[in-house]
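The structure appears below as structure tokens.
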Amino acid sequence: MQTYLVLSLQPVYLWQDLKSTGAVDAAISFLKESNEFVRWGATIGPFLMGLITGSGDAAAIAFNTAVTPHAVELGYTHVNLGMAAAIAGAIGRTASPIAGVTIVCAGLAMVSPVEMVKRTAPGMILAVLFLALFML
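Numbering (UniProt numbering), first residue to last: 1 to 136.
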């Protein structure tokens with residue numbers, strides 16, 4: 001029960017940490033001035049957060065809490081920007097060696113999580129690029 005509670009609160013803390021550093025406000029200001037980078041920030045940002053944290057949901061919820069409310073100002077609909085962030089976060093989680101599913105599958109296959117990611121990461125990188133170029 002405690003593990004579930006901690007995992008369910010992770011997106012809230014990630015967003016608050018990013019907001020307290022000023023990273024969220026700086027990113028939104030930059031994207032408002034440079035709309036051509038929104039598609040990359042909306043996909044590569046959650047992808048990298050998912051890759052680093054091992055949680056695609058945390059990345060997507062943090063992004064969608066902070067940036068998606070400004071979607072209209074950035075030239076996108078809320079649905080399109082939120083969808084892209086959610087998919088990109090999930091793709092980042094799939095490419096992460098510290099994601100729970102990667103660790104479990106690596107254990108079942110009796111290989112290192114890093115060895116698994118070496119095989120999945122190239123496809124995930126292509127997927128997030130496709131997402132940025134053709135779905136936004």
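Ideal Cβ placement from N, Cα and C applies to all residues, glycine included.
Own chain residues within Cβ distance below 7 Å of residue i, not counting five before or after
i: ARG93; result: GLY50, GLY54, SER55, GLY56 and ALA99
CA-to-CA distance, residue j to residue i, given in whole angstroms
i: SER104; j: THR120; result: The question names Ser, but residue 104 in the sequence shown is Val. If I take the Cα positions, the gap works out to 15 Å.
i: GLY107; j: LYS118; result: 15 Å
i: VAL114; j: SER34; result: 36 Å
i: THR77; j: ALA71; result: 6 Å
i: THR3; j: VAL101; result: Note that THR3 scores 46 on pLDDT, short of 50, meaning its location in the model is unreliable and no value can be drawn from it.
i: LEU127; j: ALA27; result: It is worth fixing the name first, because residue 127 is Ala in this sequence and not Leu. Going by the C-alpha atoms only, they are around 23 Å apart.
i: PHE134; j: LYS19; result: 29 Å
i: LEU116; j: GLY123; result: It is worth fixing the name first, because residue 116 is Met in this sequence and not Leu. Taking the straight line from one Cα to the other gives about 12 Å.
i: GLY75; j: PRO97; result: 34 Å
i: PRO46; j: ALA60; result: 6 Å
i: ILE44; j: VAL111; result: 28 Å
i: PHE130; j: ARG39; result: 11 Å
Residue of the options minimising C-alpha distance to residue i
i: THR65; options: ASP25, PRO97, PRO113 and LEU133; result: ASP25
i: ASN80; options: ALA42, LYS19 and THR21; result: ALA42
i: ASP17; options: TRP40, ARG39 and PHE63; result: PHE63
i: ALA58; options: ALA90, LEU129, SER20 and MET116; result: ALA90
i: ALA85; options: GLY123, LEU48 and THR21; result: LEU48
i: ILE87; options: VAL111, ALA132 and GLU73; result: ALA132
Cβ-based neighbour list, residue i, same chain, cut-off 8 Å, excluding 5 preceding and 5 following
i: ILE125; result: ALA95
i: PHE37; result: PHE30 and LEU31
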